[in-house]
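Q: This is the structure, below, for whatever I ask next.
Protein chains: 2
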Amino acid sequence: MSLRHAVLGLLTKGPASGYDLLKVFDVSLSNVWPATQSQLYAELGRLAEAGLVSVSAEGPRGRKEYSITGEGLAELRHWMTDVEPARVMRSDMLLRVFFLGQIDPGQARDYLRRQGEFATGQLERMEGIRDLVEKGQDDLSVYGRIALDYGLRLGQAQREWAEWAEKQIR
Amino acid sequence: MSLRHAVLGLLTKGPASGYDLLKVFDVSLSNVWPATQSQLYAELGRLAEAGLVSVSAEGPRGRKEYSITGEGLAELRHWMTDVEPARVMRSDMLLRVFFLGQIDPGQARDYLRRQGEFATGQLERMEGIRDLVEKGQDDLSVYGRIALDYGLRLGQAQREWAEWAEKQIR
DNA sequence: ATAGTCATGTAATGAGTTACATGATTGC
DNA sequence: GCAATCATGTAACTCATTACATGACTAT
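These protein sequence lines map, in sequence, to chains A and B.
The opening position of the first sequence corresponds to residue 0 in numbering that gives the first Met the number 0, with each subsequent residue numbered one higher.
The opening position of the second sequence corresponds to residue 0 in numbering that gives the first Met the number 0, with each subsequent residue numbered one higher.
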């Protein structure tokens with residue numbers, strides 16, 4: 000149930016509507032925990048019902064602004080300190096590698112090259128973001144940069160792996 | 000729909016029952032595409048209905064042995080060469096990093112240290128597996144090792160990241 | 001006026017998890 | 001005889017995706 004905690008976490012930065020949160024998900028959390036519009040609105044409803052957030056203001060067009068409650072903050076901190084992260088890793092990309100013997104070696108090399116190129120593209124994109132958020136001393140920036148660095152290191156590892164793997168197939 | 004392709008891929012190595020496949024999932028595919036028993040039996044039923052696999056033998060205790068059909072092989076190859084891998088990355092672990100400012104710095108450093116330790120443990124486990132499957136020239140071994148190498152490189156990157164990240168928090 | 005954006009919600013479907021249920025066969 | 005393992009299946013529930021539906025406000 001991490002969507003719930005993603006929402007609580009974002010609300011620690013101030014009240015926001017479902018619409019606001021959706022934009023934040025799309026730009027800043029999409030690589031870590033993507034969420035769709037319908038999921039978000041449904042989750043906000045459940046959070047409000049559970050008392051972890053409350054509707055703190057209503058605006059034009061039926062806008063509802065949600066704020067995190069004390070209970071919500073407590074739940075967020077509990078999740079962060081006491082709940083072990085789930086380690087279910089599912090990779091469509093890596094699953095294919097197991098079955099590369101089913102296609103011919105040229106195609107298999109193509110596949111691995113494409114994965115390397117994809118990683119390279121991701122890296123360029125992330126480096127662009129890193130340069131944009133270079134400065135900024137607030138928590139958001141500090142921890143956002145740490146998360147971004149994770150992406151950069153993983154991207155580099157994946158690119159190097161793909162280049163190496165391509166050479167393993169003869 | 001990758002479970003479907005994972006099953007097809009495993010069946011290229013010979014006929015197997017749901018029970019057989021479950022064990023293979025548990026030992027060799029669990030880190031890439033975990034599957035539960037109920038999911039597997041249901042998927043085998045659907046695959047048989049779609050004509051991608053067929054019941055090639057029946058054994059004691061209602062055992063059904065499935066074989067991949069020509070259609071199934073074609074679908075597997077299509078998936079491998081023409082379908083772009085999905086890149087939805089969801090990380091519970093990384094999501095928490097965004098909100099590390101909500102707990103105190105000591106706890107945040109603890110969190111990152113635990114993630115580094117976890118990566119180290121995973122690495123040791125994977126190195127053990129690597130030493131076991133060192134030899135073996137069959138496709139299964141070759142591509143299995145390539146997949147394992149991916150895990151090793153990612154684990155190393157994660158360990159180094161966690162060690163670095165811990166130092167960023169003061 | 002009208003296009004763009006703000007804003008919320010519902011419905012259908014698919015994928016995955018956990019728990020329950022049942023029974024046959026094998027080895028000791 | 002009995003425990004372990006082999007073997008399949010169903011049900012309830014949660015989570016996520018895609019598509020549909022509706023309408024208010026704002027700036028030009």
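By construction, the Cβ of each residue, glycine as well, lies at the ideal position given by its N, Cα and C atoms.
Quick caveat, the model's predicted, so the values are computed rather than measured.
1. Assuming G71/B and L7/B form a contact by the criterion Cβ under 8 Å, report the distance between their Cβ atoms to the nearest whole angstrom.
2. Looking at the secondary structure, which residues open and close the beta strand (DSSP E) in which K12/A lies?
3. Does any residue of chain B have a CB that is nearer than 8 Å to the CB of P59/A?
4. Assuming Y40/B and V52/B are in contact, meaning their beta carbons sit under 8 Å apart, how far apart are those beta carbons, in whole angstroms?
5. Nearest to A107/A by CA position, among A118/A, F117/A, R95/A, is which residue?
6. Under 7 Å Cβ to Cβ from G50/A, same chain only, skipping five residues before and after it: list those, please.
7. Pairing CB atoms from the stretch 13-28 of chain B with CB atoms from the stretch 154-168 of chain A, are three or more of them under 8 Å?
8. Using beta carbons (cut-off 8 Å, strictly below), is A49/B in contact with chain A?
9. Between the Cα of Y110/A and the Cα atoms of G120/B, E83/B, K63/B, R124/B, which residue gives the shortest distance?
10. Which whole-angstrom value is the C-beta distance of V132/A and R144/A, which I expect to be below 8 Å?
11. Measuring alpha carbon to alpha carbon, tell me which of L93/A, R3/A, L122/A, V31/A ends up nearest G150/B.
12. Sorted by chain position, which residues of the same chain lie with C-beta nearer than 7 Å to L20/B's C-beta, five sequence neighbours on each side aside?
13. On the premise that F98/B lies in contact with M88/A, defined as a C-beta separation below 8 Å, what is that separation, rounded to the nearest angstrom?
14. G172/A versus chain B: which residues are under 8 Å apart at the beta carbon?
15. Would you report the Cα separation of E57/B and R86/B, rounded to the nearest angstrom?
16. Taking its Cβ as the centre, do 16 or more other Cβ atoms sit within 10 Å of D137/B, making it buried, or is it exposed?
17. Given T11/B, which residues of its chain have a CB within under 8 Å of its CB, disregarding the five upstream and five downstream residues?
18. What's the gap between the Cα of A118/B and the Cα of V31/A?
19. For S1/A, which residues in chain B fall below 7 Å Cβ to Cβ?
20. Quick check on DSSP: helix, strand or coil for A107/B?
21. Give the DSSP-derived three-state secondary structure of K134/A in the structure shown.
22. Output needed for R45/B: all residues of its chain with C-beta closer than 8 Å, excluding positions within five of it in sequence on either side, in chain order.
23. Taking its Cβ as the centre, do 16 or more other Cβ atoms sit within 10 Å of E116/A, making it buried, or is it exposed?
24. Check the C-beta distance from S16/B over to R62/B and give it rounded, since I have them as a contact under 8 Å.
25. So with CB distances below 7 Å, who are the chain A contacts of Q106/B?
26. Does the distance from the C-beta atom of Y142/A to that of G127/B stay below 8 Å?
27. Buried or exposed, going by whether 16 or more other CB atoms sit within 10 Å of the CB of D91/B?
28. Strictly under 8 Å for the Cβ-Cβ distance: is V26/B near chain A by that measure?
29. Mind checking which residues open and close the beta strand (DSSP E) that includes S55/A?
30. Would you kindly report the start and end of the unbroken beta strand (DSSP E) that includes E64/A?
31. For chain A, is any of its Cβ atoms less than 8 Å away from the one on M52/B?
32. List the residues of chain A whose Cβ lies closer than 8 Å to the Cβ of A164/B, in chain order.
33. Here's a check: name, in chain order, each residue in its chain whose Cβ is nearer than 6 Å to the Cβ of S55/B, leaving out the five neighbours to either side.
A: Inspection of the coordinates gives the following:
1. 5 Å
2. Annotation for K12/A: no beta strand (DSSP E) segment contains it, and DSSP assigns it neither H nor E.
3. no
4. Not a contact, Cβ separation roughly 13 Å.
5. R95/A
6. T68, E70
7. no
8. no
9. E83/B
10. 6 Å
11. Of the candidates L93/A, R3/A, L122/A, V31/A, the residue whose Cα lies closest to the Cα of G150/B is L93/A.
12. V6, L9, L39
13. 21 Å between Cβ atoms; not a contact.
14. Absent from the structure is residue 172/A, since the part of chain A shown begins at 0 and ends at 169.
15. 39 Å
16. exposed
17. Excluding five sequence positions before and after T11/B, the CB atoms of its chain that fall closer than 8 Å to its own CB belong to I67, L72, L75, given in chain order.
18. 18 Å
19. D91, L94
20. The DSSP-derived three-state label of A107/B is helix.
21. K134/A falls in the coil class under three-state DSSP.
22. R3
23. exposed
24. 5 Å
25. T80
26. no
27. buried
28. no
29. 52-57
30. 63-67
31. Note on residue identity: the sequence assigns Val, not Met, to residue 52/B. Chain A, which has no Cβ nearer than 8 Å to the Cβ of V52/B, makes this no.
32. Those are I145, D148, Y149, listed as they occur along chain A.
33. P14, E64, S66
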